[in-house]
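So the protein sequences, as listed, match chains A and B. Note that the working numbering gives residue 371 to position 371 of the first sequence, counting from 1, and the numbers run on in steps of one. All you need for the working numbering is the position in the second sequence, starting with 1, plus 372. Here a beta-carbon is modelled for each residue, glycine too, at the ideal position from N, C-alpha and C.
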Amino acid sequence: MGAVQQRGSLTQVELAGITGLSPASVSNIVKELVEAGVLSTAPSTRSGRRAQLVTLARNLGLVAGVHIGTRSMRVALADASLQVVGEQRMPLAPDHRADAGLERAAMLVEEMIAAVDGSPGELLGVGIGVPAPVDVRTGEVSTAGLLRGWDGADVAATLTDLLAVPVRVDNDANLGALAEARHGAGAGHDPVAYVRVSHGVGGGIVLGGSLLHGRGGAAGEIGHVTIDENGPVCRCGNRGCLETFVGAPVLLHMLAASHGHLTLRDVIMRARDGDAGSRRVLFDAGQHLGVAAANLCNIVDPEIVVIGGQLAEAGELLLGPLRTALEQRTVPSVSGPPQVVASQFGASAEVRGALAAALDAARSAGALGVGS
Amino acid sequence: MTSPVLELSRVSKSFGAARALIDVDLAVHPREVVAVVGDNGAGKSTLAGVLAGVYPPDAGEMRVDGEPVRFADPGAARARGIATVFQELALCDNLDVVENLFLGHEPVRGALLDEIAMERRAWELLDQLGASVPSVRVPVAALTGGQRRTVAIARGLLGDPRVVVLDEPTASLGIRQTAELLNLVERLRERGHSVVFVSHATSDVQAVADRIVVLRLGRVNGEFEADAATSEDLLAAMTGARPVRRGGGR
């Protein structure tokens with residue numbers, strides 16, 4: 001199953017090669033799973049010989065989730081039961097532009113559908129997350145200056161034009177929050193606060209099972225909480241925002257003189273290997289995040305705080321100091337401080353949320369035959 | 373700051389009257405992705421050829437670890453830890469993945485080829501690259517463009533080189549394969565290799581490069597820290613709209 005899901009589609013012979021099972025037992029297993037409705041097979045040819053192409057069964061159609069990040073995008077394809085059938089990451093240029101980014105995303109979606117032997121008509125809806133506040137009613141980026149090249153971009157309309165399906169747009173951290181609260185580390189808790197720490201810092205709040213958006217989609221935007229009134233000027237134009245202390249450019253700049261040109265992943269790997277400078281940078285970032293998260297906790301009083309984004313891969317190196325700072329600053333409760341945990345879906349949290357949003361979009365457009 | 377693994381200073385190369393490279397300086401540091409961009413005829417492929425040891429430079433010096441070198445042939449470049457994957461992949465269509473990887477330097481056990489060791493090493497390399505090749509025993513003719521390029525890169529990695537030179541790696545690839553290739557470049561860097569990424573596709577280059585060197589008509593017409601360069605800067609340097617020489621602070 002894992003082999004099929006990873007590769008989208010492959011022949012029975014290839015499947016035998018990968019799993020190390022004999023072709024006969026692969027054939028039997030596939031037959032059983034087809035009867036159970038998990039896989040489907042189609043006759044095909046490979047190198048001129050007849051072959052059975054094996055794919056995951058898709059009963060109702062496909063939905064696509066797109067996560068546009070500051071430096072990379074991730075696209076996932078799933079069936080209507082949100083079983084992921086394909087996932088692809090692609091690095092992006094700094095300061096990428098909305099039109100080029102959305103065009104690449106649309107092309108990726110089309111090629112991924114082709115790779116699982118689907119037809120473009122099977123696509124029912126697309127969910128997309130962008131790293132800036134989004135007005136979910138119009139599908140437009142609602143802030144200026146937070147995502148250069150995307151100011152006021154009409155993401156929903158552009159993507160609908162390209163792919164001709166209903167599109168739902170939201171802030172990426174909001175989608176990550178949705179995924180973690182529904183299916184991930186926050187499942188069974190309410191409210192759930194999610195903080196995404198990558199190149200920038202974002203956040204989302206899930207209250208009673210649904211996302212808190214606020215007036216223009218900026219609710220939960222924890223990266224722009226003031227932690228030093230007289231601090232440096234942020235890209236948003238205000239002063240002393242959390243992001244001016246823990247955003248990737250700041251962290252990398254702190255190490256530039258001693259360590260040279262690094263990426264966020266380099267810092268995490270070096271910290272794990274015991275590099276003192278990298279550890280210090282992560283420790284300080286954890287403390288700053290803890291202060292901001294404590295303020296959020298004092299207002300929302302969540303049961304659980306889920307930390308996602310690339311920096312969460314540092315694990316306790318980041319979460320330890322974060323937890324201490326948070327516990328020192330939240331109102332003491334008889335049930336103890338809120339839990340602080342790392343995200344379950346990791347780098348895929350946002351794209352998982354985008355898939356859920358895509359399914360919602362398809363449902364409200366009546367594509368699943370059960371309108372809401 | 374670390375010293376460069378590979379350094380070119382004032383390297384020139386002419387083909388008859390055509391001056392393909394003129395006084396080119398280039399430094400590649402450990403674990404660095406250096407992109408070389410330029411328009412058609414800017415000298416990109418000649419530069420890749422010089423690095424690979426295919427074209428000996430007419431003038432200038434080439435240093436590996438600070439030591440002057442002169443490559444007589446591609447084998448000499450490989451021996452110094454520089455592997456080049458060209459636009460034309462030079463794979464044998466009728467041979468399978470394992471045969472292509474080890475062609476010319478097959479490991480032997482007694483009088484026989486060590487097929488098991490070869491197959492194991494082939495999977496190891498392809499896994500490192502995160503490749504999705506269905507089987508190492510299919511002829512490469514049956515693979516997609518992206519998979520063939522991965523096999524070519526895997527072959528380049530066999531001698532555990534320090535610098536991998538990729539000449540136009542995203543040319544003629546679909547978007548999904550391009551995404552895979554860019555991920556692969558990031559993975560090479562994470563594994564400690566330096567990469568020279570020669571391409572004219574600026575958006576691909578900007579996505580993964582640490583530093584970008586722009587060639588125009590055989591000369592270096594600009595050098596940028598990748599996260600500070602906009603595509604307009606690069607375009608201006610490629611077309612010569614305005615002369616630029618920026619960044620390169622080391």
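For the stretch 541-574 of chain B, the beta-carbon criterion of a distance under 9 Å to any beta-carbon of chain A is satisfied by Gly-546, Ile-547, Arg-548, Gln-549, Thr-550, Ala-551, Glu-552, Leu-554, Asn-555, Val-557, Glu-558, Arg-561, Glu-562, Thr-574.
A residue is called buried when at least 16 other Cβ atoms come within 10 angstroms of its Cβ; Thr-143/A meets this threshold and is buried. The C-beta of Asp-605/B has 16 or more other C-beta atoms within 10 Å across all chains shown, which makes the residue buried. For Ile-29/A, the enclosing alpha helix (DSSP H) begins and ends at 23-35. Residues of the stretch 77-110 of chain A with a Cβ closer than 7 Å to any Cβ of chain B, in chain order: Gln-88, Arg-89, Met-90, Pro-91, Leu-92, Ala-93, Pro-94, Asp-95, Ala-100, Arg-104, Met-107, Leu-108. Contact annotation: Gly-204/A and Ala-177/A have beta-carbon atoms nearer than 8 Å. Rounded to the nearest angstrom, the Cβ distance from Val-192/A to Ile-299/A is 14 Å, too far for a contact under 8 Å.
DSSP places Thr-374/B in the coil class of the three-state scheme, outside both helix and strand.
In the DSSP assignment, Phe-596/B falls within the unbroken beta strand (DSSP E) covering 591-597. When the Cα atoms are used, Gly-590/B and Ala-256/A turn out to be separated by approximately 32 Å. Of the candidates Leu-463/B, Ala-399/B, Thr-542/B, Arg-403/B, the residue whose Cα lies closest to the Cα of Gly-438/B is Ala-399/B. Spatial neighbours of Arg-71/A in its own chain (CB-CB distance under 7 Å, excluding positions within 5 residues in sequence) are listed in chain order as Pro-91, Leu-92, Pro-94, His-199. An exposed status is given to Phe-387/B, since fewer than 16 other beta-carbon atoms sit within 10 Å of its beta-carbon. The stretch 264-271 of chain A makes no contact with the stretch 150-168 of chain A: fewer than 3 CB pairs, one atom from each, lie closer than 8 Å. Interface annotation for the stretch 500-528 of chain B against chain A: Ser-504, Pro-506, Ser-507, Val-508, Arg-509, Val-510, Pro-511, Ala-513, Ala-514, criterion Cβ-Cβ distance under 9 Å.
In the structure shown, Gly-176/A falls within a helical segment according to DSSP collapsed to helix, strand and coil. Under the three-state reduction of DSSP output, Val-206/A falls in the strand class.
Distance from the Cα of Ile-227/A is smallest, within the candidate group Thr-263/A, Val-291/A, His-259/A, Asp-266/A, for Val-291/A.
Buried is the label assigned to Arg-588/B, since at least 16 other Cβ atoms lie within 10 Å of its Cβ. With respect to Val-508/B, Val-470/B sits close: the two C-beta atoms are nearer than 8 Å. Scanning chain B for C-beta atoms nearer than 8 Å to the C-beta of Glu-122/A yields nothing, as the closest lies near 17 Å away.
In chain B, no part has a C-beta under 7 Å from the C-beta of Leu-175/A; the shortest such distance is about 20 Å. CA-CA distance, Thr-19/A to Glu-562/B, rounds to 28 Å. Taking the Cβ atoms as the reference, Leu-318/A lies roughly 6 Å from Leu-311/A, within the contact range of under 8 Å.
The distance from the Cβ of Thr-611/B to that of Asp-411/B is about 7 Å, consistent with a contact at the 8 Å cut-off.
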